[in-house]
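Following: one structure in structure tokens, then a few remarks.
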Amino acid sequence: DQQVKQNSPSLSVQEGRISILNCDYTNSMFDYFLWYKKYPAEGPTFLISISSIKDKNEDGRFTVFLNKSAKHLSLHIVPSQPGDSAVYFCAASGFTSGSARQLTFGSGTQLTVLP
Amino acid sequence: EPEVTQTPSHQVTQMGQEVILRCVPISNHLYFYWYRQILGQKVEFLVSFYNNEISEKSEIFDDQFSVERPDGSNFTLKIRSTKLEDSAMYFCASSQLAGGPSDTQYFGPGTRLTVL
Numbered sequence: 001d002q003q004v005k006q007n008s009p010s011l012s013v014q015e016g017r018i019s020i021l022n023c024d025y026t027n028s029m030f031d032y033f034l035w036y037k038k039y040p041a042e043g044p045t046f047l048i049s050i051s052s053i054k055d056k057n058e059d060g061r062f063t064v065f066l067n068k069s070a071k072h073l074s075l076h077i078v079p080s081q082p083g084d085s086a087v088y089f090c091a092a093s094g095f096t097s098g099s100a101r102q103l104t105f106g107s108g109t110q111l112t113v114l115p
Numbered sequence: 116e117p118e119v120t121q122t123p124s125h126q127v128t129q130m131g132q133e134v135i136l137r138c139v140p141i142s143n144h145l146y147f148y149w150y151r152q153i154l155g156q157k158v159e160f161l162v163s164f165y166n167n168e169i170s171e172k173s174e175i176f177d178d179q180f181s182v183e184r185p186d187g188s189n190f191t192l193k194i195r196s197t198k199l200e201d202s203a204m205y206f207c208a209s210s211q212l213a214g215g216p217s218d219t220q221y222f223g224p225g226t227r228l229t230v231l
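If you're matching them up, the sequences are chains A and B in order. Numbering-wise, the first sequence is residues 1 to 115 according to this note's numbering. Numbering-wise, the second sequence is residues 116 to 231 according to this note's numbering.
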């Protein structure tokens, strides 16, 4: 089951530069997308989300772009800081028969920001 | 800032034993979830819970698993007879909204379950 894919297991970026993390999805029913950050031995921490009715959402240093036709989203972090070093998960949810939604996660990208 | 809490942080058990993992969701949230992450694998959905009943469950959530909201604050996951393959990090999550498109789920720190 590869409904949400993060093809880059790791990314290294110099401090102050832009980090771009990518995510692809295959399920057309997904209509809400989220990025989570995870440090070792901790739970995923919500970063930013985007609804399928938008193509961009910005929150401080974090911007998420959604390209529905390509079924692709990306997370931009500008400027990158050493504290941003973590695993970043892309997740998606869509309409289900139940009243609560389940998240489908990608495999994660380990971001390392070098000082 | 309100957060989801989970206890214990690490649980070691023998195969065949029952375990109960506990979670306290964010207080005004209405929807509760369990996910797990086996080492080296993706985070996987197990079950969602709303209005004191299961909303959805995955194929993983078989008869060995059950969930309960025994009081107004706790949300538990029980595994009746643990198997070696149940060893994983178990995450509880909660969300506020009525399952709509802007339903952001907030995760707890996880319980590491080790089955020997």
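All residues carry an ideal CB built from backbone N, CA and C; glycine is no exception. In this text, all values refer to a predicted model and were calculated from it rather than measured experimentally.
For residue i and residue j, which I take to be in contact (beta-carbon distance under 8 Å), what is that distance rounded to the nearest angstrom?
i        : j        : result
B:CYS138 : B:GLY223 : 6 Å
A:GLY119 : A:VAL4   : With chain A running from 1 to 115 in the structure shown, residue 119 of chain A is simply not present.
A:LEU11  : A:THR109 : 6 Å
A:LEU114 : A:GLU42  : So it is not a contact: roughly 22 Å between Cβ atoms.
A:PHE116 : A:ASP31  : Lying before the first or after the last residue shown, residue 116 of chain A is absent from chain A, which here runs from 1 to 115.
B:PHE218 : B:SER210 : It should be noted that the sequence gives Asp, not Phe, for residue 218 of chain B. Confirmed, Cβ separation roughly 5 Å.
A:SER69  : A:LEU111 : Not quite, the Cβ-Cβ distance comes to about 27 Å (not below 8 Å), so this is no contact.
A:PHE62  : A:ILE50  : Not a contact, Cβ separation roughly 11 Å.
B:CYS207 : B:PRO140 : 7 Å
Residues of chain B with CB closer than 8 Å to the CB of residue i, please, in chain order.
i        : result
A:GLN102 : TYR148, PHE160, SER163, GLU171 and SER173
A:PHE89  : VAL158
So which residues of chain B does residue i contact, with C-beta pairs closer than 7 Å?
i        : result
A:LEU34  : THR219
A:SER107 : LYS157
If we ignore side chains and look at the alpha-carbon of each, how far apart do residue i and residue j end up?
i        : j        : result
B:SER188 : B:MET204 : 22 Å
A:ALA92  : A:PHE65  : 14 Å
A:ALA100 : B:TYR221 : 14 Å
B:GLN143 : B:LEU212 : Note that residue 143 of chain B is Asn in the sequence shown, not Gln. One C-alpha to the other measures close to 10 Å.
B:LEU228 : B:ASP201 : 7 Å
B:ASP163 : B:LEU199 : What sits at residue 163 of chain B in the sequence shown is Ser, not Asp. For B:SER163 and B:LEU199, the distance between alpha carbons rounds to 24 Å.
A:VAL87  : A:LYS38  : 5 Å
B:THR197 : A:ASP59  : 42 Å
B:MET130 : B:GLU183 : 22 Å
B:GLU177 : B:ILE135 : Per the sequence presented here, residue 177 of chain B reads as Asp, with Glu not at that position. So the two alpha carbons sit approximately 15 Å from each other.
B:PHE180 : B:ARG195 : 6 Å
B:THR191 : B:PRO185 : 8 Å
A:ILE18  : A:MET29  : 31 Å
B:TYR148 : A:LYS54  : 26 Å
B:TYR165 : A:PRO79  : 40 Å
A:ILE48  : A:GLN6   : 17 Å
B:GLU174 : A:ASN27  : 18 Å
B:VAL230 : B:TYR150 : 17 Å
B:GLN314 : A:TYR25  : The displayed coordinates of chain B run from 116 to 231. Any statement about residue 314 of chain B would go beyond what the structure contains.
B:LYS193 : B:GLU133 : 7 Å
A:VAL13  : A:ASN22  : 14 Å
List the residues of chain A that residue i touches, going by C-beta distances under 7 Å, in chain order.
i        : result
B:PRO224 : GLU42 and GLY43
What residues from chain A crowd round residue i, counting only those whose CB sits closer than 8 Å?
i        : result
B:PHE206 : GLY43 and PRO44
Hey, is residue i's beta-carbon within less than 8 Å of any beta-carbon in chain E?
i       : result
A:LEU73 : Reference to chain E is not applicable here, since the protein chains of this structure are A and B.
If you scan the stretch 7-50 of chain A from start to end, which runs of the beta strand (DSSP E) of 3 or more residues do you find wholly inside it?
-> DSSP runs (the beta strand (DSSP E)) wholly in the stretch 7-50 of chain A: 10-14, 19-25 and 30-38.
Using 8 Å as the threshold, is the stretch 66-73 of chain A in touch with the stretch 147-159 of chain B, meaning 3 or more CB pairs across them?
-> Of all C-beta pairs linking the stretch 66-73 of chain A to the stretch 147-159 of chain B, fewer than three are shorter than 8 Å, placing the two stretches out of contact.
Entirely within the stretch 159-188 of chain B and at least 3 residues each: give me those beta strand (DSSP E) ranges in chain order.
-> Listed in chain order, they are 168-172 and 180-183.
Sequence ranges, beta strand (DSSP E) only - wholly within the stretch 59-102 of chain A, length at least 3 | The beta strand (DSSP E) runs of length 3 or more contained entirely in the stretch 59-102 of chain A are, from start to end of the chain, 62-67, 72-77 and 86-94.
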